[in-house]
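Protein sequences, first through last, are from chains A and Z. Counting from 1, one number per residue, gives the positions in the first sequence under UniProt numbering. Counting from 1, one number per residue, gives the positions in the second sequence under UniProt numbering. Where is the CB? At the ideal position from N, CA and C, for every residue including glycine. One structure is given below, encoded as structure tokens.
Number of protein chains: 2
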Amino acid sequence: MCELLGMSANVPTDICFSFTGLVQRGGGTGPHKDGWGITFYEGKGCRTFKDPQPSVHSPVARLVQEYPIKSHSVVAHIRQANRGAVALENTHPFTRELWGRNWTYAHNGQLNGYRSLETGNFRPVGETDSEKAFCWLLHRLTQRYPRTPGNMPAVFRYIATLAEELRGKGVFNMLLSDGRYVMAYCSTHLHWITRRAPFGVATLLDRDVEIDFSSQTTPNDVVTVLDRDVEIDFSSQTTPNDVVTVIATQPLTGNESWQKIMPGEWRLFCLGERIV
Amino acid sequence: MCELLGMSANVPTDICFSFTGLVQRGGGTGPHKDGWGITFYEGKGCRTFKDPQPSVHSPVARLVQEYPIKSHSVVAHIRQANRGAVALENTHPFTRELWGRNWTYAHNGQLNGYRSLETGNFRPVGETDSEKAFCWLLHRLTQRYPRTPGNMPAVFRYIATLAEELRGKGVFNMLLSDGRYVMAYCSTHLHWITRRAPFGVATLLDRDVEIDFSSQTTPNDVVTVLDRDVEIDFSSQTTPNDVVTVIATQPLTGNESWQKIMPGEWRLFCLGERIV
């Protein structure tokens, strides 16, 4: 199984430390050694850093940990290959343009009977079930909405029915974003938490460290220290208005109440807030 | 005007040093301070590093200089904005999928009357004339070739006629690749050179340094030292079979004979060799 990590925030927020934790699971503390990727949205634009080598050894992953790219929406993935070779074209997330926006997708799970999925004008470049399913989703969206839709929550409700179809073919945990919205669809494991003022103190799951969220850290700094002995950068700042939601395959902190998404359920976030 | 840099090679080759030279022109020795990007193909997959900030100050650019990503095909661009704000979504190169391959495009120049170009299912995400022209090119290709074409040189001949149409609207220097082929279309300035065994000695344009290509450097190492005081990494190796073509807006070395592409002409390279 792969690990997913997503973020939605109302102010551009960096995810360096959260990503540091994830990276350690990519060949460090976890078995997910078959590549990794992370997509940051900055306005309508996005950029993806990816590497088919284990994240724990990747110079690109090191850059992403050290370079605070501030973003409203983030989708990240570390891979344990099942379908498709370990290769750049099979490395998540995948981004395609639809309705003049960049759509970014990452999948955790495995599908059967995916080869017969019709993908229309969206052709997979690699060999994964994941990319094929993404192309099928986009194709179905263009069939349902030949013109740019106005009611985006309705679009995501339709996407949830498509995700449900895919879940019928195996395991389908998904993160999907168009840069404004971040959708989390759960097939087996997916958790989320929204942090907002007043920021409290979080205890990490696997080491004896407490972070005081009301200090100068950003509300997602804490996620870090789970998997690795890192130093927290206190130079970043929260304001009382910051709202940041983090989505992850498994909870990343101990004494906070992460919400579990039940199999077949989904959540939609926009600017840090839960919409659905 | 922006600067273009491309590479086509018969063995996976890194372009760290060539890129180091280009980067210096991005806010260092040159005026191209409005972002930069570089796309590397590794197999069918590709990854793009880009930053809307000047390349000379970009931590991402520093990574690309230091991390030897070996590639058959590379497209790079540094930007001096004319149409479209300085923003990530307006930063070249642009990549879109067509016929199950990633197509990457970078443009140097400025177009008039581009807003009326029909782009079909390929919608621009940003506001540049460049991305609009790219979407139009792809749309025209899907009209001409509804199914995946087999004769790629014929496809590129058709692309050249489309590029000619765009040249009628202003200045249109272009690099375009599907990962196997690298096409260079010239509207004003574009040069190329193919390096192969026996590798000779090159004198740099703006300093008194000679590089012996027959030593252990790779054939494109030399490009580096043009704009900056860097050290050459002699740990990489050439073999007698290496063929590497470098394409650049302006020649990067002195005593080598760079070929100028005349306005309205184009070249097509595959695995380092000129095809057209």
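Around the Cβ of residue 3 of chain A, a 10 Å sphere holds 16 or more other Cβ atoms; the residue is buried.
Listed by position along chain A, the residues whose Cβ is nearer than 7 Å to that of residue 2 of chain Z form an empty set, because the closest Cβ is around 17 Å away. Proximity of chain Z to residue 87 of chain A at the Cβ level (cut-off 7 Å) is accounted for by 43, 45, in chain order. Within chain A, the residues placing a beta-carbon under 9 Å from that of residue 99 of chain Z are 123, ordered along the chain.
Ranked by Cα distance from residue 72 of chain Z, the first of Z:47, Z:58, Z:250, Z:56 is Z:47. Residues of the segment 249–266 of chain Z with a C-beta less than 8 Å from any C-beta of chain A: none at all.
If you draw a straight line from the Cα of residue 84 of chain Z to the Cα of residue 275 of chain A, it comes to about 32 Å. Contact between residue 79 of chain A and residue 91 of chain A holds: CB atoms are separated by about 6 Å, below the 8 Å threshold. In this structure, residue 99 of chain A and residue 148 of chain A form a Cβ contact; the two beta carbons are roughly 4 Å apart against a cut-off of 8 Å. Between residue 185 of chain Z and residue 266 of chain Z, the CB-CB gap stays under 7 Å.
In the three-state scheme derived from DSSP, where H, G and I count as helix and E and B as strand, residue 112 of chain Z is classed as coil. Beta-bridge partners of residue 245 of chain Z (DSSP): Z:8, Z:194.
For residue 108 of chain Z, the closest alpha carbon among the candidates Z:126, Z:162, Z:176 is that of Z:176. Residue 129 of chain Z sits in a helix when the DSSP states are folded into three classes.
Per DSSP, residue 94 of chain Z is one residue of the beta strand (DSSP E) stretching across 94–98. The alpha-carbon separation between residue 34 of chain A and residue 114 of chain Z amounts to approximately 43 Å.
If you look at residue 42 of chain Z, you'll find it in the beta strand (DSSP E) that goes 36–42.
For residue 159 of chain A, the enclosing alpha helix (DSSP H) has its first and last residue at 152–167. Three or more beta-carbon pairs drawn from the segment 161–172 of chain Z and the segment 109–129 of chain Z are found closer than 8 Å, and the two stretches are therefore classed as touching. In terms of Cβ geometry, residue 110 of chain A and residue 170 of chain A form a close pair [threshold 7 Å]. Taking the Cα positions, residue 162 of chain Z is about 13 Å away from residue 132 of chain Z. In the displayed model, residue 61 of chain Z falls within a helix according to three-state DSSP.
For residue 31 of chain A, the closest C-alpha among the options A:127, A:154, A:82, A:89 is that of A:82. Between the C-alpha atoms of residue 11 of chain A and residue 270 of chain A there is a straight-line separation of about 11 Å. Exclusion of the five residues before and after residue 7 of chain A leaves 15, 74, 246 as the residues of its chain whose Cβ lies within less than 6 Å of its Cβ. Annotation for residue 185 of chain Z: the continuous beta strand (DSSP E) segment containing it runs 181–185.
In the three-state scheme derived from DSSP, where H, G and I count as helix and E and B as strand, residue 258 of chain Z is classed as coil. In this structure, residue 89 of chain Z lies near residue 45 of chain A, with their beta-carbon atoms less than 7 Å apart.
Taking CB atoms only, residue 50 of chain A has a neighbour in chain Z less than 7 Å away.
Residue-level contact by beta carbon holds for residue 67 of chain Z and chain A, with a gap shorter than 7 Å.
In the three-state scheme derived from DSSP, where H, G and I count as helix and E and B as strand, residue 122 of chain A is classed as coil.
A straight-line Cα-Cα distance of about 42 Å links residue 123 of chain A and residue 256 of chain Z. In this structure residue 156 of chain A is not in contact with residue 174 of chain A, their Cβ atoms being roughly 11 Å apart against a cut-off of 8 Å. Against chain A, a Cβ distance below 8 Å from residue 126 of chain Z picks out 44, 45.
Close partners of residue 60 of chain Z in chain A (Cβ separation under 8 Å): 63, 67.
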